[in-house]
Ligand code: SPV
Ligand code: MG
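In this note's numbering, the protein residues as written are 13 to 441.
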């Protein structure tokens, strides 16, 4: 009996998958190389279903002899082990990020006279229509909540973009760029207190109601959400915040170790701000952890020592204390124009025996690259305010142009065409 190998991620199984397996079955026994979460995360967004769930589905499809894990996008390691007579793949990977993978499959099969078989894609099912279908299906609070932990296990660096409305949520959800071997996307969404407040023309002082923006963003997105919880309020209130966020399917809350009237960190010492006592803030973390219902919700402790000029030793002592109190992550914040103090913190942090994922927010030190942060041990990079900061000057420019010219014609070239704005959000039928 000959062997046919088919690699797939099988997140949304369609008649096209079943058809492919049926055709493959005519040539031999079908082995599915099911891409692990790590393999998929390396080149596109994480599957909705974790590997184990996708495996159960594929093992129960008629015609599948065996499901094996494919740990990389590259089929070669599995091909060398299995030495299949055929590899089946839809004839849709000659261009785009998979073309290099296809080339290596052909070269490897040649070693034992294997053959690549490429049936035409099934009419009516394109990857675009599938992506659209997935977005329509959406996600559940439980699935979304667990997604951040899964991402942390599957990817060395998680890239998170701020959103403050349904529309900016859509940008974080859908914008992507294609490189040679991967599609780059944002992995998650940051609900910033600064941009939520600025949008309502209020200062960032824990005053505005954030529920509308959470609700709008939940509606237009499926990616994991990290909520900027400010100080978390008093401990007795924070426990309710934890449960509310969990119920909504938010993956993590970041709380900062300040007390009293909170001001935005980027004021630094220009505004009077008071850092919380280590013991009190640690207690808040522990109470939050005790209050949560799910296993996957993360409480991330944000250290303001560098912002408030309390020194590196203070920052490191607090990191240790907050981890001991149960924090699932540490965000170290800085408002310096370069990443030097962040890098020093990372170097010292790497020596800790007990470590949790590190979060950085390179707003003022924006020249640092994701690769440099990742190399230093950072797991989550948050782009905390760039969407709102870029939208505001564009809107002011348009307003000025209309005033200057006494008409809107000159502003048109900077505007989204009317045809596009009216169809930007598809109507649900
Ligand atoms: C926010 O985005 O609201 C933050 C990050 O908390 S910062 O503005 O840098 O304090
Ligand atoms: Mg904030």
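Glycine included, every Cβ here is placed at the ideal spot set by N, Cα and C.
Query                                                                                                                                                                                        : Result
Count the other C-beta atoms from every protein chain shown that fall within 10 angstroms of the C-beta of residue 92, then say buried if there are 16 or more, exposed otherwise.           : exposed
With respect to the beta strand (DSSP E) encompassing residue 110, which residues constitute its N-terminal and C-terminal limits?                                                           : Careful: residue 110 lies outside any beta strand (DSSP E) and carries neither H nor E.
So residue 311 and residue 331 are in contact, right, with Cβ under 8 Å, and what is the actual spacing, rounded?                                                                            : Between residue 331 and residue 311 the Cβ distance is about 14 Å, and since that is not below 8 Å, they are no contact.
Please give the ranges of any beta strand (DSSP E) in the segment 179–249, keeping only runs that are unbroken, at least 3 residues long and fully inside the region.                        : 188–190, 195–197, 200–203 and 237–240
Given 7 Å as the limit, tell me if residue 49 has its C-beta closer than that to any heavy atom belonging to ligand 2.                                                                       : no
Under 8 Å, do residue 373 and residue 394 count as touching if we go by C-beta distance?                                                                                                     : yes
According to DSSP, which residues form a beta bridge with residue 342?                                                                                                                       : 313 and 370
Should the segment 344–357 be called in touch with the segment 295–308, which here means at least 3 C-beta pairs below 8 Å?                                                                  : no
Give every residue of the same chain whose Cβ lies closer than 7 Å to the Cβ of residue 321, excluding the five residues on either side of it in the sequence, and list them in chain order. : 281
Determine the direct distance from the alpha carbon of residue 247 to that of residue 83, and round the result to whole angstroms.                                                           : 43 Å
What is the DSSP secondary structure of residue 274, reduced to helix, strand or coil?                                                                                                       : coil
Could you tell me whether the segment 156–173 touches the segment 183–202, where touching means 3 or more Cβ pairs closer than 8 Å?                                                          : yes
What distance in whole Å lies between the Cβ atoms of residue 63 and residue 48, which are believed to be in contact at a cut-off of 8 Å?                                                    : 5 Å
When every heavy atom of ligand 2 is checked, does at least one fall within less than 7 Å of the C-beta of residue 163?                                                                      : no
Between the beta-carbon of residue 342 and the beta-carbon of residue 335, is there less than 8 Å?                                                                                           : yes
At a cut-off of 7 Å, is residue 336 close to ligand 1 when judged by its beta-carbon and the heavy atoms of the ligand?                                                                      : no
Is residue 242 a contact residue of ligand 2, with contact defined as CB to any heavy atom under 7 Å?                                                                                        : yes
Ordered along the chain, which non-local residues of its own chain (more than five positions away) have a Cβ less than 7 Å from that of residue 186?                                         : none
With a CB to CB cut of under 6 Å and the five nearest residues on each side skipped, what residues in its chain are close to residue 443?                                                    : Missing from the structure shown is residue 443; the chain here goes from 13 to 441 and no further.
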